[in-house]
Structures are given as structure tokens and as C-alpha cells.
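Asker: This is the structure I have questions about; it appears just below.
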């Protein structure tokens, strides 16, 4: 799922399956076959066994959540990492978004850069074909790969699934970044110049190409966090604003200063 390109993405190892595998072996070390049998309730359905086997591989080989100990699988991380979906998500995000040479990262970066264009593509197949024709490194991309990507993209906070598309909104992805790394550079509740904030943020979300105008997904996330009171976007007359992706009728289309509320850390 998160291997170096051109190794592709797969539909079978969903976030829920991978987390379930980790929680299972955290209670008791098991052989790979025992994990498969427990996860499928002993039903030897070939399709289900394949789903679990690929989920084990992601947890073991790609995310380093579990490890092999002789013939058994055991948990390889602090149990708190799999105690909640939030902790699990933040662990996965820190690993997968920093690996820029994976098919997952490359497709994510391409899709975020499309802004409103993705709505015209209308289907996962359309996204796969268009990306494959435009990004040489992803020429082998197919619909099944993108169908696998969508589950992780939604789980990791890049947007919301709606039928045959994803609605770009990085609210959850931003929330995770601001909750875990913001105080490395800034203080909560203090007003920060937008240029300083964006320069810092660009190092934390490498899947986003940040230019003079922020992309739709990032802009939607910032607007959402502002609306629910976790951040405050302001425009001061003596400073040059950074422009959000334009949305007709939205009261905020740019900001010169930002403050992140301490409630973000909870």
C-alpha cells in the first residue's frame, strides 16, 4: 500500500483491517495462520484470507507496527499507538507522508493539486486514467489502486468520501499536524504572521505543493478549523495576505495572521 513506486496500492488492506490485525497480536503473539483464522472466524474463504494476508503485510513490512518473533507475529510499537484510531492515524501519517517516493504519496500530491478539477473526473477510474497519462512515474496506475487509496486518504484526513469522489478538505490532517508539532515552532493562542506559519507548515505537509495561492483541500481545512474555533484567521491592513483557494461567497479568501487555539492539543 505504501511501498516505493512503481509498486502499486491495493484495495484489501484498509485502515480498519490493519488496525484490527495489530490489536489482535497485541493481546497474544500468533502465527500468521492463527491471525488469518481469527480474523475470518475460521472461515476459509479465499478472498477474505487474501484481504487479511495483505493487511498483515502492510502492518509488518510497510508500517512496522508488528514484527516477526520466531514463527509468531508480535506488536512492535507502544500499545498506546493502537489504543485509539486517532493515535493510530497520527502514527501512520507521520510515516507515510514523509516517504515521497511511494505511489501513495505521488498520487496524493497530484490529486491535491487538481483542486476543483477532480469533480469533473467523476469516477475513480477517471482519476486513475488521467493521473497515469499526466504523471510519467504513475503510468501503471489503475482503478483498483485508486480505490485502495481512497480509504486511507479519507482515514488520514485528506477529505471526505462521497459516492464516487473525495471532497477535498484537509481539516483532520491539519488538526493532527497542529496538535502534535505546532509547539515545536510556535505557541498556542499567540498570533503568528501567515508567511511564517505557511513556511513552517510546508515542511509538515509535504504532500501539498504550496504556492502563492493555497490549494482547495488545504484552504477548505483551514476554513473549517476557523469556523469551529480551533484556529483564527485574520487580515490586518498593514500586511500582505496569503490567499486561500477562492470560494464565491465565503467571507475569508485570504489571511495575514493566524492563531492556533490551545484546545487543538486535546
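Numbering (my numbering), first residue to last: 825 to 1090.
Heads up, the beta-carbon is just placed ideally off N, CA and C, and yes, glycines get one too.
These numbers come from a predicted model, not from an experiment.
#1: Would you call residue 1047 buried or exposed, if buried means 16 or more other Cβ atoms sit within 10 Å of its Cβ?
#2: Using only the alpha-carbon positions, how far apart do residue 883 and residue 1045 sit?
#3: Using only the alpha-carbon positions, how far apart do residue 993 and residue 985 sit?
#4: Quick one, which of 942, 856, 881 and 1011 has its alpha-carbon nearest residue 839's?
#5: Within 10 angstroms of its Cβ, does residue 1027 collect 16 or more other Cβ (buried), or is it exposed?
#6: Residue 906 by DSSP, collapsed to three states: which one?
#7: What do you get for residue 843, buried or exposed, if any count of 16 or more other CB atoms within 10 angstroms of its CB means buried?
#8: With residue 899 as the anchor, note down where its beta strand (DSSP E) starts and where it stops.
#9: Do you know whose CA, among 1066, 1042 and 876, lies nearest residue 981's CA?
#10: Just the Cα atoms here: how many angstroms apart are residue 918 and residue 1001?
#11: Out of curiosity, what's the CA-to-CA distance linking residue 905 and residue 849?
#12: From what residue to what residue does the alpha helix (DSSP H) around residue 878 run?
#13: With DSSP collapsed to three states, give me the class of residue 992.
#14: Report all residues from its chain with a CB closer than 6 Å to the CB of residue 952; omit the five preceding and five following residues, and keep chain order.
#15: Using the Cβ count rule (16 or more neighbours within 10 Å means buried), how would you classify residue 988?
#16: Measuring alpha carbon to alpha carbon, tell me which residue in 890, 921, 1078 and 973 is nearest residue 851.
#17: Quick check on the DSSP output: the beta strand (DSSP E) that includes residue 1044 runs from which residue to which?
#18: Using only CA atoms, which one of 972, 922 and 941 lies nearest to residue 833?
#19: Taking the straight line between their C-alpha atoms, what separation do you get for residue 1081 and residue 1013?
#20: To the nearest whole angstrom, what separates the beta carbons of residue 828 and residue 926, a pair I think is in contact under 8 Å?
#21: Since residue 1076 is in the alpha helix (DSSP H), which residue starts that stretch and which ends it?
#22: Find the nearest neighbour of residue 853 within the set 922, 1073 and 896, judged by alpha-carbon distance.
Answerer: On the basis of the coordinates in this document:
#1: In this structure residue 1047 is buried. Its beta-carbon is surrounded by 16 or more other beta-carbon atoms within 10 angstroms.
#2: Cα-Cα distance, rounded: 29 Å.
#3: A direct Cα-to-Cα measurement between residue 993 and residue 985 gives close to 10 Å.
#4: Taking only the C-alpha atoms, the option nearest residue 839 is 881.
#5: Residue 1027 comes out exposed.
#6: If DSSP states are grouped into helix, strand and coil, residue 906 belongs with the helices.
#7: Per the 10 Å Cβ criterion, buried.
#8: Counting along the chain, the beta strand (DSSP E) containing residue 899 begins and ends at 896 to 899.
#9: Comparing Cα positions, the closest option is 1042.
#10: In a straight line, the C-alpha of residue 918 is about 9 Å away from that of residue 1001.
#11: Those two C-alpha atoms are separated by around 14 Å.
#12: Start and end: 870 to 881.
#13: The three-state reading of DSSP puts residue 992 in strand, counting E and B together.
#14: Excluding sequence neighbours, residue 952 sits near 965, 966, 967 and 970.
#15: Per the 10 Å Cβ criterion, exposed.
#16: Nearest option by C-alpha distance: 890.
#17: Element bounds for residue 1044: not the beta strand (DSSP E) but the alpha helix (DSSP H), 1040 to 1051.
#18: Residue nearest to residue 833 within the set 972, 922 and 941 is 972 (criterion: CA-CA distance).
#19: Near 12 Å, if we compare the C-alpha coordinates of residue 1013 and residue 1081.
#20: Confirmed, Cβ separation roughly 6 Å.
#21: Counting along the chain, residue 1076 sits inside no alpha helix (DSSP H), nor does DSSP assign it H or E at all.
#22: Checked all of 922, 1073 and 896; the closest Cα to residue 853 is 896.
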